[in-house]
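Protein chains: 2
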Amino acid sequence: MEGLNWLTARQAAQGIRDGVFSSEDVVKACLAQIEAREPEVQAWAHLDPEHALTQAREADKRRSEGKPTGPLHGVPVGIKDIIDTLDMPTEDGTVLHSGRRPWQDAKIVDALRAAGAIILGKTVTTEMATYAPGKTRNPHNPEHTPGGSSSGSAAAVAAGMVPLAVGTQTNGSVIRPAAYCGVFGFKPTRGTVSCRGILAQSELLDQPGCFARTVEDLALLGETLSTYDEHQKGMRPRSTLPLLRVCEEEPPLPPTLSLVRTPWWDELDADAREGFSELIDHLSDRIGEFEMPDSSVQVLEWHKTIMEADIAASYESDYERGKERMSKSLREQIERGRAVSVVDYRRAAARIEPITESLDEVFDRFDAIITPSAQGPAPHGLDSTGSPQFCTLWTFCGMPAINLPLLTTGNGLPVGVQLVGRVGDDARLLRTARWLLTTLA
Amino acid sequence: MEGLNWLTARQAAQGIRDGVFSSEDVVKACLAQIEAREPEVQAWAHLDPEHALTQAREADKRRSEGKPTGPLHGVPVGIKDIIDTLDMPTEDGTVLHSGRRPWQDAKIVDALRAAGAIILGKTVTTEMATYAPGKTRNPHNPEHTPGGSSSGSAAAVAAGMVPLAVGTQTNGSVIRPAAYCGVFGFKPTRGTVSCRGILAQSELLDQPGCFARTVEDLALLGETLSTYDEHQKGMRPRSTLPLLRVCEEEPPLPPTLSLVRTPWWDELDADAREGFSELIDHLSDRIGEFEMPDSSVQVLEWHKTIMEADIAASYESDYERGKERMSKSLREQIERGRAVSVVDYRRAAARIEPITESLDEVFDRFDAIITPSAQGPAPHGLDSTGSPQFCTLWTFCGMPAINLPLLTTGNGLPVGVQLVGRVGDDARLLRTARWLLTTLA
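Protein chains in written order, with the numbering used here: chain F, 1 to 441; chain A, 1001 to 1441.
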């Protein structure tokens, strides 16, 4: 049963459902791969192999008893260590929360368990999901950052340790590590996924997301996470989103993509620029250009105002009791954030809607925006997780975004291509991504 | 057809429905009363008698054609002049908005029209619903304030100019003017009534409310205003609340009331204290006491932090372009509010839930809290609208509150008794209020 750890989530679920192999087989293969790669990659904050196997055996027993099973029955998933789990510690990447044991699962962990998933373990996050790196290294080259803040989730999926992982993005924390590690990443529309039981950084900006090795797996995981949560502020009663079904459909017309040269285009590195340009040339008959509104250049500043003020408010008690055990970068973020007035905050937040609306017209003409996921491949060194700049605008607007690991540099590092969709149109974005992969195949 | 202006809303609706008199008759009676009393009371910011009569004639025509009619068919209502009306100016009590014509009705005005109501005119508000008084005087004694900020709505109902009026409360702006003017006032649970199309002062604290001359009329108006609004943040799909039906029911057991001596009890004036004590003695077998949590004394400060920061953010563009045409008090509020940090704001806002929860246990033992509506009767003079202090805690917590005009001072000024209910339990609160009136009758 070798290689089961490299199956996609759908293949794993299908094989378990059909009795070709068991959940225990899959989990054992994942644990073996972790044993082999973890010393180098360091993707896990918490892993209890026995507890994982116990869950898998229970899933197998359930199936053997003919009880109903969910779409992820027996499939292991990695969970970013800022997302609460009842049966495992959740330490938020900070010594301030060492040994923290939540008293209940986050809503999305609950949804995963209801779908039959095995919660394999907790993946490494940067310090409280901000900038100071955790221990994780890039599986393609351990001298390079995996990106952050969902470092372990991206690296674990890339290293074949688990087919699926969950992370969060407040700036570029899903799309960037997915790009650096060369896996598929998906940040759904803001508000689509419950944040309950997840370390709150910014109520306005926090957006949970998915890591996988295929677009279809992103859709499957995304639709599981989209379970309605009556306690999530602003979420209205609705059924689970049909992301996988739509993702697999043929588009009614061949999609068109809009190349959006964001104002920070010049910061794209040479290698990435070349690869991206070749891709655009190759797709030229399906591509048009769209000029960004001038005001979008200010988004970085507005985003920073909101995020730093929210971090200062959200992490206030941690700062009060343990600022000396925080990294300098987090301390400085909090200290800048403490100075932000309500008036300045609201002025920044009031830009979200008009900027989003000004981008909306792209989608009257195009199915998706195509743009780089990051400035280039994963930077050398482990002191930083790289810049989230190429993700900020889409996070600010809450638009759905996908990283496709389409490019590679000369020295074998992945470079991500980002597709961005209209707010609420996640299913169509996934369908467009699948079409693009088929076109390029 | 004299005296039709003094009918309750339900009597007026019934008479119109039965053809005893027409909507035009009722509106004419109201206009005649306005003509008689308006020079002294000054309750109206905008009144176009012809337009009111046109609406009434259309209502009468509709009825005569046998078309469906709503529960307020033909009944005139006054609307506070911070609530948008498509067919009348909405000037927000400030010269900065002189001549402002909204391009659509506020959601609650829309709901009133759908129920058949006649929008009689716009009632006077203080400056942008804050502290600087408008022109209105107390109908019981023109040398006394009517209270604010919903000054005109309270005074118009008290003076028999209209059976119903709508106002808003961010601190004490419904209950206090109702108490000073001697009418029934009702501030529903926060979030029950849509704020769309109403001058936004504080998203957290703004709470629309009702003025009438009976509790049943409050229930009828409140249930009309509770219409679901899909665009109102945080409102979940639900049917209209059955306030009137429950209000008219007999309580399953004789209700009990909890006397809550708020920390600012000592500020109650002698006259009001005496009347209130007599009432409590009279009801002694139905009354128990409840000790306020110590922290509640800080509510005034938390409320101020939130309100002033919100005002500074909400009125920012008005301040920038016209601060010299604002009152000193509003300017100072805004200037204090501009200095409030997001961290301080969130710390204050985070107290709402625990304070509300600590009060919740009152309602396991009692049907309602009984407490004064204000420090006493309407203060002498027109330079201030009096203190909202006796309303702040309940507004902060978003609890439903009713003013009952049960007491009178020696010189004929009304003194209000406030009943406060559990969050979401508005119907029960109205039922308890009706029971109390019956008991005292």
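The beta carbon of each residue, even a glycine, is placed where N, CA and C say it ideally should be. As the structure is a prediction and not an experimental result, all values here were calculated from the model.
For the beta strand (DSSP E) holding residue i, just list the boundary residues, first then last.
i, result
"F/S258", "L257 to V260"
"A/C1195", "Taken as a continuous stretch (DSSP letters only), A/C1195 belongs to no beta strand (DSSP E), as it is neither H nor E."
"F/K122", "I118 to T123"
"A/W1103", "Counting along the chain, A/W1103 falls outside any beta strand (DSSP E), and DSSP gives it neither H nor E."
"F/H46", "W44 to L47"
"A/K1135", "Counting along the chain, A/K1135 falls outside any beta strand (DSSP E), and DSSP gives it neither H nor E."
"F/V340", "From DSSP, F/V340 is part of no beta strand (DSSP E); its letter is neither H nor E."
"F/V166", "L164 to Q169"
"F/Q207", "Q207 to A212"
Which same chain residues end up closer than 6 Å to residue i when comparing Cβ atoms and leaving out the 5 residues on each side of it in sequence?
i, result
"F/W264", "Q389"
"F/L31", "P49"
Compute the distance between the beta-carbons of residue i and residue j, then report whether it is under 7 Å.
i, j, result
"A/L1393", "A/V1299", "yes"
"F/A427", "F/L243", "yes"
"F/A115", "F/L72", "yes"
"F/A117", "F/T227", "no"
"A/Q1333", "A/E1301", "no"
"F/K80", "F/T125", "yes"
"A/A1312", "A/R1338", "yes"
"F/T130", "F/L382", "no"
"F/V174", "F/G185", "yes"
"F/R431", "F/E223", "no"
"F/V415", "F/G275", "yes"
"A/F964", "A/A1178", "The requested residue 964 of chain A is not part of the displayed model; chain A covers only 1001 to 1441."
"A/G1148", "A/T1395", "no"
"F/A441", "F/G376", "no"
"F/K187", "F/G152", "no"
Here's the rule: buried if 16 or more other CB atoms are within 10 angstroms of the residue's CB, otherwise exposed. What is residue i?
i, result
"A/L1253", "exposed"
"A/T1438", "exposed"
"F/V20", "exposed"
"A/E1230", "exposed"
"F/K122", "buried"
"A/P1251", "exposed"
"F/V343", "buried"
"A/A1043", "buried"
"A/H1303", "buried"
"F/R325", "exposed"
"F/G412", "exposed"
"F/G176", "The question names Gly, but residue 176 of chain F is Arg in the sequence shown. Its Cβ being crowded by 16 or more others within 10 Å, F/R176 is buried."
"F/E442", "There is simply no residue 442 of chain F to check, as chain F begins at 1 and stops at 441 in what is shown."
"A/H1380", "exposed"
Which residues bound the alpha helix (DSSP H) around residue i?
i, result
"F/F366", "Segment: none, F/F366 is in no alpha helix (DSSP H) and carries neither H nor E."
"A/K1080", "Counting along the chain, A/K1080 falls outside any alpha helix (DSSP H), though it belongs to the beta strand (DSSP E) covering P1076 to K1080."
"F/G410", "Looking at the DSSP string, F/G410 is not in any alpha helix (DSSP H), and its letter there is neither H nor E."
"A/F1021", "Run containing A/F1021: none; DSSP gives neither H nor E here."
"A/G1148", "Looking at the DSSP string, A/G1148 is not in any alpha helix (DSSP H), and its letter there is neither H nor E."
"A/K1107", "K1107 to A1114"
"F/G416", "First-last for F/G416: P414 to V420, but that is the beta strand (DSSP E), not the alpha helix (DSSP H)."
"A/I1083", "Note, A/I1083: premise wrong, no alpha helix (DSSP H); not H, not E."
"A/K1185", "Residue 1185 of chain A is actually Gly in this sequence, not Lys. Taken as a continuous stretch (DSSP letters only), A/G1185 belongs to no alpha helix (DSSP H), being part of the beta strand (DSSP E) at F1184 to K1187."
"A/A1178", "I1175 to C1181"
I'd like the list of long-range same chain contacts for residue i, defined as Cβ closer than 7 Å, with 5 residues on each side in sequence excluded.
i, result
"A/A1106", "I1083, D1084, R1196, G1197 and I1198"
"F/R190", "Q207 and G398"
"F/A200", "D206 and S314"
"F/C247", "V215, E216, A219, A427, L430, R431 and R434"
What do you reckon, is the C-beta of residue i under 6 Å from a heavy atom of the ligand ATP?
i, result
"F/E353", "In the structure shown, the ligand ATP is absent, as is every other ligand, since no ligand is present at all."
Thinking C-alpha only, which one of the options is nearest residue i?
i, options, result
"F/A29", "F/D18, F/E40, F/H380 and F/L7", "F/L7"
"A/I1034", "A/L1004, A/I1108, A/Q1055 and A/G1099", "A/L1004"
"A/F1366", "A/L1259, A/R1137 and A/E1050", "A/L1259"
"F/V183", "F/R431, F/A154 and F/T192", "F/A154"
"A/A1401", "A/P1414, A/L1407, A/R1422 and A/H1051", "A/R1422"
"A/A1349", "A/A1270, A/L1204, A/P1377 and A/V1362", "A/L1204"
"F/L241", "F/T168, F/G424, F/R57 and F/G172", "F/G424"
"F/E2", "F/S98, F/M161, F/P142 and F/R137", "F/M161"
Please return the same chain residues whose Cβ sits closer than 8 Å to the Cβ of residue i, not counting the five positions on each side in sequence.
i, result
"A/V1075", "A1009, A1012, A1013, I1016, S1023, V1026, G1116, A1117, I1118, P1163 and L1164"
"A/S1202", "T1170, I1306, M1307, D1310, I1311 and S1314"
"F/R137", "E40, V41, Q42, E143, H144, T145, P146, A155 and L382"
Between residue i and chain D, is any beta-carbon pair separated by less than 7 Å?
i, result
"F/S295", "Chain labels in this structure do not include chain D; the protein chains are F and A."
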